[in-house]
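The numbering used here applies: residue 1369 is where the sequence shown begins, and numbers increase by one.
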Amino acid sequence: MQASAPSVLPDPRPSLWAQLVRPQEDLGEFSTAEWVFYGAILLTPLWWLSGLQSLFFPSIVWGLLLLNFQPEKLLRVSLPMMAWAWLAMALTAAGCAFAGLASIGFPLMKTAATGVTLFKGYGMISAAIILPFWAKLRLKVVTRGVCWLSFMYIVGIVVLFLLLFAGLWTEPFFPPLAKVIPGDKLALRVSPAGFQEFFGIVFPRTSLFTPDPPIPGVIGVLSFFVCLGESQTSLRRLGCAGALVSLVVSQSRLAWITFPAVLLVSLAFRRMSVRQGSLWGSALVNALCGFLGVSVAQLLAQAKAVFTGARADSSKDRALVVGKTLEAWLDQPWFGWGIAMGSVRWHIYDIVLGSFSTYAGVLYLQGVFGMVVFLTALAASLFNFWVGARRGDRVCQRAFATILALCLLVEGLPLSWMCVYYWFFFVWLGAVLAERSPQRPLPRTWEQLLALQYSA
């Protein structure tokens, strides 16, 4: 008897196209909040070209938070210390801004611009962290959306570079909405790719879906660790590749240094060889200093000179603005100026005080008090993931590494200005904590409420 041909079983894994248009087939049914998040992040290029993204993404976060608010959730859902700390930072920024506006008589446009900055800055960060606790927004859905966005970075970079080499788009433009939205118009600028000198060599560079080229570097570092949690292997590889490509083309020196550093931190949680490697690395540096006849401080100074020399004009620009910002802070050291009151003249540009370094900006705007609250928010964020990371939870290890990266990356640009472009990262942090935080039963009597408070 002739043997029958073996039947070919269908591939249980959905295609990439099916994962894009029908994500619920392998992720389960989507809630309304998940569909809104997924659609908003997939249409990022559209919001970028239309000039909507600087207000659209914060509106999505705040809108979903308000729609899913229920008074009982204040008792049943326990928010992490991280959420309360960032909420305190938002209130601190709002209070200092109110005092600053009061000192100049609340001019209409300045007041509106300050309100927009708070809405899409620290306020959005705290709302994004709380959102997964109040709405059904699963971690795997957030991760899937970030993976697709990272893949779109590759597509966007290819298109922008083709337009650059073909000479079809060479000048930036401002969308029509830029005329009616108050605040800094730079955040709404749509820029083409261009050529810039890096270490003395001219390379193509792009800001991608953001107004400033270093921001894709920040997004690349954060997105890489988010994409590592994707369950589908092919999509995970595409997402990580997109994050690395955006990191490379950003030519952000700070992001380039931060990425390997925090990658080692993430690996050190679960690999003894990495922890031992740090000791061997320290010994190697000391041996190299002895061989060259220089001290460690001299070696670091030489490395810093190479670092700043890669783009000397940018380094001088940054140093000038940060220096003037700190000088202005000394006039209002405890609670800051609240709002930007001055600028620095650089060639033909007026650069607002508080630009570039987040730490200098916080001192200038919120003073020593605001700096204490800001550092507390960063410390609380690290602490919330430290326990899980020590226990071997790989997602918590990645989250801890990304927050550590954020502590370094905010030295380059103001967090309150650029956070709107990686709003999904804070939603992801909230989703990680929400899936690891058990919900408390809703108290029905005063005795149950008091018992719940004492147990907490």
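All residues carry an ideal CB built from backbone N, CA and C; glycine is no exception.
task = Would you identify the three-state DSSP class for F1541, choosing helix, strand or coil?
result = strand
task = Determine the closest residue to R1605 out of W1516, G1691 and Q1619, with distance taken between C-alpha atoms.
result = W1516
ask   = Who does E1565 pair with in a DSSP beta bridge?
value = V1570
inquiry  = Using only CA atoms, which one of Y1406, C1764, G1760 and L1743 lies nearest to N1752?
reply    = C1764
task = Use the C-beta contact count for E1539: other C-beta atoms within 10 angstroms, 16 or more gives buried, fewer gives exposed.
result = exposed
Through-space distance from S1784 to K1488, alpha-carbon basis = 7 angstroms
query = Is DSSP giving D1761 helix, strand or coil here?
reply = coil
C-beta neighbour in chain C for R1766, strict 7 angstroms = The structure shown contains no chain C, having only a single protein chain.
ask   = At a cut of 8 angstroms, does the segment 1723-1741 reach the segment 1606-1616 through at least three beta carbon pairs?
value = no
message = Let me check one thing: in DSSP terms, what residues is V1712 bridge-paired to?
response = I1719
Check whether F1792 and I1409 have beta carbons under 7 angstroms apart = yes
request  = Find out if the Cβ-Cβ distance for the pair D1718, S1711 is shorter than 7 angstroms.
outcome  = yes
Burial state of S1422 (16 or more Cβ within 10 Å) = buried
ask   = Mind checking whether A1773 and V1526 have CB atoms under 7 angstroms apart?
value = no
query = Between which two residues does the alpha helix (DSSP H) harbouring S1599 extend?
reply = Run containing S1599: none; DSSP gives neither H nor E here.
request  = Express the C-alpha separation of R1638 and L1486 in angstroms, rounding to a whole number.
outcome  = 39 angstroms
query = With 16 as the cutoff for other CB atoms within 10 Å, does V1594 come out buried or exposed?
reply = buried
key: Every unbroken alpha helix (DSSP H) inside the segment 1410-1466 [4 residues or more]   = 1412-1418, 1421-1435 and 1441-1444
ask   = Is I1549 closer than 7 angstroms to Y1789 when the C-beta atoms are compared?
value = no
inquiry  = Please state the DSSP three-state secondary structure of V1548.
reply    = coil
key: P1500 - containing alpha helix (DSSP H), residue span   = Y1490 to W1502
ask   = In chain order, what residues of the same chain have a beta carbon less than 6 angstroms from the beta carbon of V1778, not counting five sequence neighbours either side?
value = T1726
ask   = With contact counted as at least three CB pairs below 8 angstroms, one residue from each stretch, are the segment 1393-1412 and the segment 1462-1473 in contact?
value = no
request  = State the Cα-Cα distance for the pair L1395 and R1506, rounded to the nearest angstrom.
outcome  = 9 angstroms
key: Bridge partners - V1633, DSSP secondary structure assignment   = Bridge partners of V1633: none, in fact.
request  = List the DSSP bridge partners of V1558.
outcome  = F1541
Through-space distance from W1430 to L1667, alpha-carbon basis = Because the pLDDT at L1667 is just 49, under 50, the model does not fix this residue reliably, and the value given afterwards should be weighed accordingly. If you take the alpha carbons of L1667 and W1430, they lie about 48 angstroms apart.
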